[in-house]
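In what follows, a structure is listed as structure tokens, so that the remarks can point back to it.
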Amino acid sequence: MGSNFTSPRPVVSYARISDDTEDDAHGVRNQHRTNRRTAERLGWQVVKEITDNDISASKANTRREGFQEIVVGLPTGMLGDGTRFEGVVS
Numbered sequence: 019m020g021s022n023f024t025s026p027r028p029v030v031s032y033a034r035i036s037d038d039t040e041d042d043a044h045g046v047r048n049q050h051r052t053n054r055r056t057a058e059r060l061g062w063q064v065v066k067e068i069t070d071n072d073i074s075a076s077k078a079n080t081r082r083e084g085f086q087e088i089v090v091g092l093p094t095g096m097l098g099d100g101t102r103f104e105g106v107v108s
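Here it is, written out as structure tokens:
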């Protein structure tokens with residue numbers, strides 16, 4: 019990724035929880051809130067929140083769509099929807 023970005027640094031907030039037992043996404047909402055606070059403290063700007071709710075990271079063959087979107091976009095600094103970013107806070 020280049021240095022063509024202006025301050026504050028645009029970042030993606032990524033949140034994932036394996037088991038949303040209450041089926042209300044409160045865990046990932048809390049993670050995004052923490053990520054926004056971290057980004058603000060570092061002088062970054064969250065430009066998009068990406069979530070994989072109720073999806074395990076340890077089970078084989080589990081596809082985490084949000085995570086994949088970030089991984090694919092990292093080399094160019096652009097997500098599939100055209101959102102530009104320079105990093106991830108998680």
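Numbering (our numbering), first residue to last: 19 to 108. Positions of the beta carbon are idealized from the N, C-alpha and C atoms, including for glycine. Predicted model only: the values in this text are computed from it and were never measured.
Alpha carbon of residue i to alpha carbon of residue j, nearest angstrom
i: residue 80; j: residue 88; result: 16 Å
i: residue 86; j: residue 60; result: 25 Å
i: residue 65; j: residue 28; result: 6 Å
i: residue 97; j: residue 90; result: 8 Å
i: residue 52; j: residue 93; result: 26 Å
i: residue 25; j: residue 95; result: 15 Å
i: residue 109; j: residue 83; result: With the chain running from 19 to 108 in the structure shown, residue 109 is simply not present.
i: residue 56; j: residue 102; result: 19 Å
i: residue 58; j: residue 105; result: 14 Å
Supposed close pair residue i, residue j - CB separation, criterion 8 Å
i: residue 70; j: residue 47; result: Not a contact, Cβ separation roughly 13 Å.
Paired residues, beta bridge with residue i - DSSP
i: residue 31; result: 67 and 107
Residues of its chain near residue i, where Cβ-Cβ distance is below 6 Å and the 5 sequence neighbours each way are ignored
i: residue 31; result: 50, 53, 64, 67 and 107
i: residue 62; result: 26, 27 and 29
### In chain order, each beta strand (DSSP E) run of at least 3 residues that lies wholly inside the region 47 to 102
You should have 62 to 71.
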